[in-house]
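Undergrad: The listed protein sequences derive, respectively, from chains A and B. For the first sequence, position 111 (counting from the first letter as 1) is numbered 111 according to our numbering, and the numbering increases by one without interruption. For the second sequence, position 95 (counting from the first letter as 1) is numbered 1095 according to our numbering, and the numbering increases by one without interruption. Sharing a structure, written as structure tokens. Questions coming.
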Amino acid sequence: MSREEVTSAPKRDDVQNWARPVEELKVEYRPGVRGTNVDGRRLNGAVQGFGKLWQKTYSFAGLTITPEEAIAEWKAHFGEFWPTGNKFAGSLTGIQPGEIALLDLSIGGTKLSTGVLVVYADDRSFTFMTPQGHMFGGWITFSAEPARDGSTTVQAQVLMRASDPIYEVGLALGGHRREDAFWSETLTALARHLGLESPTVDQHVVCVDSHRQWGRWRNLWHNAAIRSAWQTAASPFSLSRLSRSRNRQLSQPTPQR
Amino acid sequence: MNTPTVGMDVRHPAEGVAVVDITGEVTSACEAQLTHAYEQASTPGTQSIVLNFSGLEYMNSGGIGMLVIMLVRANRQHQQVRAYGLSEHYRQILALTRLDEAIAVHCDEASAIAGEPLERAR
């Protein structure tokens, strides 16, 4: 038996903290991001992913504000703490359960367009879940808790499997390092915004399951990196840029031998 | 600081089946309790682990993460994970997170122990 401190506290009403179940994500145009690879996609959790299952926790301590204040500020300015080159376009209502945020991520010099659904949000935490095609299947929980010394600790915890074999290879070839740097930079920027002058971001990584789910290799079909590369190449802007480049070449005099 | 208020009692009501009676609040703070309960439930002959959520008061996204980790451990041991006693709200959460594709949801303990008929959390 492992009963610990079971109390007769009333049941918490958390219905408003969770998103409603969705079969497919529905999004419309949102300025500032490309907004592709989300509409019509299903959510993908760690159960539906392909690669090894990782739990990654990034955190910093020492805030003098309350957890509620920290989370309110993080929600209000979420994308502003991301490293340069990455875009987060939330809905007008902000980070609320059921809202979809569209993302343009800078991956190895290319732009990857995808999104997340806010599956859970309360005063001290919020959670994003990824759609088909995202680099990983799983969710990220952002939270703040009071520490024993009375300060506030903030963390981002990722529970993820690479969505498909290509992403799994990518993670092994530097993707994990880039992701660690992404969240470390993000939390450092957040900590500075919240008043810490020299924040230290701690990182704790656990491989929860070293097995790959080979039956999920078909997730490749939705791979947002491949689709984003194609969308970039096929976009009208790219075609017009290519056309201008060709015109410039044709108008230049042929070099004399 | 929030004190974790969770209880997890393990029973073995039938051969090859362990039932974990969950009471209180399932959050990321209950990792140790859930791990301990799984270790008690997972004897060499255990083929199915049934989670009884009848006494569940609250579960947040951190708690869902704990369920995923327990599910992975069970799958490694070729054990099925089943559940019953979920309110409509938490059935919807299992559907939202697509955990219902891996955790079979039943209407009562007898059907969960028997392993059928399955009920999807929709």
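For glycine and all other residues, C-beta sits at the position ideal for the given N, C-alpha and C.
#1: Under 8 Å: does the beta carbon of serine 1048(B) sit that close to some heavy atom of the ligand MG?
#2: Please identify, using Cβ separations under 8 Å, the residues of the region 12–23 of chain A that lie next to chain B, in order along the chain.
#3: Using alpha carbons as the reference points, say which of His222(A), Gly138(A), Gly79(A), Val27(A) lies closest to glutamine 55(A).
#4: Would you say serine 1048(B) lies against chain A (beta-carbon separation less than 9 Å)?
#5: On the DSSP letters alone, give me the boundaries of the beta strand (DSSP E) that tryptophan 54(A) sits inside.
#6: For glutamate 1114(B), decide whether its Cβ has a neighbour in chain A, counting only Cβ atoms nearer than 9 Å.
#7: Relative to chain A, which residues along the region 1056–1088 of chain B have a C-beta separation below 9 Å, given in chain order?
#8: Comparing alpha-carbon positions, which option in Trp221(A), Leu92(A), Phe136(A), Gln157(A) lies nearest valine 206(A)?
#9: First and last residue of the beta strand (DSSP E) that includes histidine 204(A)?
#10: Would you kindly work out how many angstroms separate the C-alpha atoms of glycine 49(A) and serine 210(A), rounded to a whole number?
#11: Is valine 1020(B) closer than 9 Å to valine 1010(B) when the C-beta atoms are compared?
#12: Using a threshold of 9 Å, state whether the C-beta atoms of serine 125(A) and phenylalanine 136(A) are closer than that.
#13: Taking tyrosine 167(A) as the reference, give the member of Ala76(A), Val208(A), Asn223(A) with the closest Cα.
#14: Pairing CB atoms from the region 189–202 of chain A with CB atoms from the region 88–101 of chain A, are three or more of them under 8 Å?
#15: Which ranges would you report for the beta strand (DSSP E) in the region 90–132 of chain A if only whole runs of at least 3 residues count?
#16: Could you give the distance in angstroms between the alpha-carbon of phenylalanine 88(A) and the alpha-carbon of glycine 35(A)?
#17: Does the CB of valine 38(A) have a neighbour CB from chain B at under 9 Å?
#18: Please confirm whether valine 116(A) has its beta-carbon closer than 9 Å to some beta-carbon of chain B.
#19: Report the option in Gly1055(B), Ser1042(B), Thr1043(B), Ala1018(B) whose CA atom is closest to the CA atom of arginine 12(A).
#20: State buried or exposed for tyrosine 1038(B), treating a residue as buried only when at least 16 other CB atoms are found within 10 Å of its CB.
#21: In chain order, which continuous runs of the beta strand (DSSP E) of length 3 or greater are located wholly inside the region 1027–1089 of chain B?
#22: I need the straight-line Cα distance from isoleucine 1049(B) to valine 1081(B), nearest angstrom please.
#23: Count the C-beta pairs between the region 72–79 of chain A and the region 160–176 of chain A that are closer than 8 Å, then say yes if the count reaches three, no if not.
#24: Hey, could you find the ends of the alpha helix (DSSP H) aspartate 180(A) is sitting in?
#25: Judging by CA-CA distance, which residue of Val1017(B), Met1008(B), His1078(B), Val1006(B) is the nearest neighbour of isoleucine 1113(B)?
#26: Hey, isoleucine 107(A) and alanine 181(A): beta-carbon distance below 9 Å or not?
#27: Please name the residue in Gly1045(B), Gly1065(B), Ala1041(B) whose C-alpha comes closest to that of isoleucine 1093(B).
#28: Closest by CA to leucine 1096(B), which one among Ser1061(B), His1078(B), Gln1079(B)?
#29: What do you reckon, are the CB atoms on alanine 144(A) and proline 67(A) nearer than 9 Å?
#30: Output yes or no for whether 9 Å exceeds the beta carbon distance between phenylalanine 1053(B) and serine 1028(B).
#31: Can you look up proline 67(A) in the DSSP assignment and give me helix, strand or coil?
#32: According to DSSP, simplified to helix, strand and coil, what is proline 31(A)?
#33: Find the residues of chain B that neighbour aspartate 209(A), judging by a C-beta separation of less than 9 Å, and give them in chain order.
#34: Output, in chain order, the set of chain A residues within a Cβ distance shorter than 8 Å of methionine 1101(B).
TA: Reading it off the structure:
#1: Because no ligand of any kind appears in the structure shown, any question about the ligand MG cannot be addressed here.
#2: So the close ones are Arg12, Asp14, Val15, Asn17, Trp18, Ala19, Arg20, Pro21, Val22.
#3: Start at 1 with the first residue of the first sequence, and residue 55(A) comes out as number 55. Nearest of His222(A), Gly138(A), Gly79(A), Val27(A) to glutamine 55(A), Cα basis: Gly138(A).
#4: The residue given as residue 1048(B) occupies position 48 in the second sequence. It does not; no Cβ of chain A falls within 9 Å.
#5: In the first sequence, residue 54(A) corresponds to position 54, counting from 1. Per DSSP, tryptophan 54(A) belongs to the beta strand (DSSP E) from 53–63.
#6: Within the second sequence, residue 1114(B) is the residue found at index 114, counting from 1. A quick correction: the sequence has alanine, not glutamate, at residue 1114(B). Among the residues facing chain A, alanine 1114(B) is not included, as its CB has no counterpart in that chain under 9 Å away.
#7: Leu1056, Glu1057, Tyr1058, Met1059, Asn1060, Ser1061, Gly1062, Ile1064, Gly1065, Val1068, Ile1069, Leu1071, Val1072, Arg1073, Asn1075, Arg1076
#8: Locating residue 206(A) in the first sequence gives position 206, where the first residue counts as 1. It is Gln157(A).
#9: The residue given as residue 204(A) occupies position 204 in the first sequence. Segment 202–209, the beta strand (DSSP E) holding histidine 204(A).
#10: Taking the first residue of the first sequence as position 1, residue 49(A) is located at position 49. Taking the first residue of the first sequence as position 1, residue 210(A) is located at position 210. Those two C-alpha atoms are separated by around 13 Å.
#11: The residue labelled residue 1010(B) in the question sits at position 10 within the second sequence. The residue labelled residue 1020(B) in the question sits at position 20 within the second sequence. Yes.
#12: Here residue 125(A) refers to the residue found at position 125 when the first sequence is read from its first residue. Here residue 136(A) refers to the residue found at position 136 when the first sequence is read from its first residue. Not in contact: serine 125(A) and phenylalanine 136(A) (Cβ atoms no closer than 9 Å).
#13: In the first sequence, counting from the first residue as 1, residue 167(A) sits at position 167. The candidate whose alpha carbon is nearest that of tyrosine 167(A) is Asn223(A).
#14: no
#15: 100–107, 110–121, 125–131
#16: Working through the first sequence from its first residue, we reach residue 88(A) at position 88. Working through the first sequence from its first residue, we reach residue 35(A) at position 35. In a straight line, the C-alpha of phenylalanine 88(A) is about 10 Å away from that of glycine 35(A).
#17: Looking up residue 38(A) in the first sequence gives position 38. So no, valine 38(A) is outside the interface.
#18: Reading the first sequence from its first residue, position 116 is the one you call residue 116(A). No, no contact with chain B.
#19: As a first step, residue 12(A) must be located in the first sequence, where it is residue number 12. Residue Gly1055(B) is the option with its Cα nearest to arginine 12(A).
#20: As a position in the second sequence, residue 1038(B) is number 38, starting the count at 1. Label assigned to tyrosine 1038(B): buried.
#21: 1048–1059, 1080–1084
#22: Residue mapping note: residue 1049(B) aligns to position 49 of the second sequence, counting from 1. Residue mapping note: residue 1081(B) aligns to position 81 of the second sequence, counting from 1. Those two C-alpha atoms are separated by around 5 Å.
#23: no
#24: Within the first sequence, residue 180(A) is the residue found at index 180, counting from 1. From DSSP, the alpha helix (DSSP H) with aspartate 180(A) extends over 176–193.
#25: As a first step, residue 1113(B) must be located in the second sequence, where it is residue number 113. Ranked by Cα distance from isoleucine 1113(B), the options Val1017(B), Met1008(B), His1078(B), Val1006(B) are led by Val1017(B).
#26: On the first sequence, residue 107(A) is found 107 positions in, with the first residue counted as 1. On the first sequence, residue 181(A) is found 181 positions in, with the first residue counted as 1. Cβ atoms of isoleucine 107(A) and alanine 181(A): not closer than 9 Å.
#27: Counted from its first residue, the second sequence places residue 1093(B) at position 93. Minimum Cα distance to isoleucine 1093(B) is reached at Gly1065(B).
#28: Locating residue 1096(B) in the second sequence gives position 96, where the first residue counts as 1. When Ser1061(B), His1078(B), Gln1079(B) are compared, the shortest CA-CA separation from leucine 1096(B) is found for Ser1061(B).
#29: Here residue 144(A) corresponds to residue number 144 of the first sequence, with the count starting at 1. Here residue 67(A) corresponds to residue number 67 of the first sequence, with the count starting at 1. Yes, Cβ-Cβ distance for alanine 144(A) and proline 67(A) is below 9 Å.
#30: Translated into the one-based positions of the second sequence, residue 1053(B) becomes position 53. Translated into the one-based positions of the second sequence, residue 1028(B) becomes position 28. The answer is no: Cβ separation not under 9 Å.
#31: Taking the first residue of the first sequence as position 1, residue 67(A) is located at position 67. DSSP, reduced to helix, strand and coil, places proline 67(A) within a helical segment of the structure shown.
#32: To locate residue 31(A), count along the first sequence from 1; it is residue 31. It is coil, neither helix nor strand.
#33: The sequence position of residue 209(A) within the first sequence is 209, counting from 1. Those are Ile1069, Val1072, Arg1073, Asn1075, Arg1076, listed as they occur along chain B.
#34: Taking the first residue of the second sequence as position 1, residue 1101(B) is located at position 101. One detail in the question is off: residue 1101(B) reads as glutamate in this sequence, not methionine. Val47, Gln48, listed in chain order.
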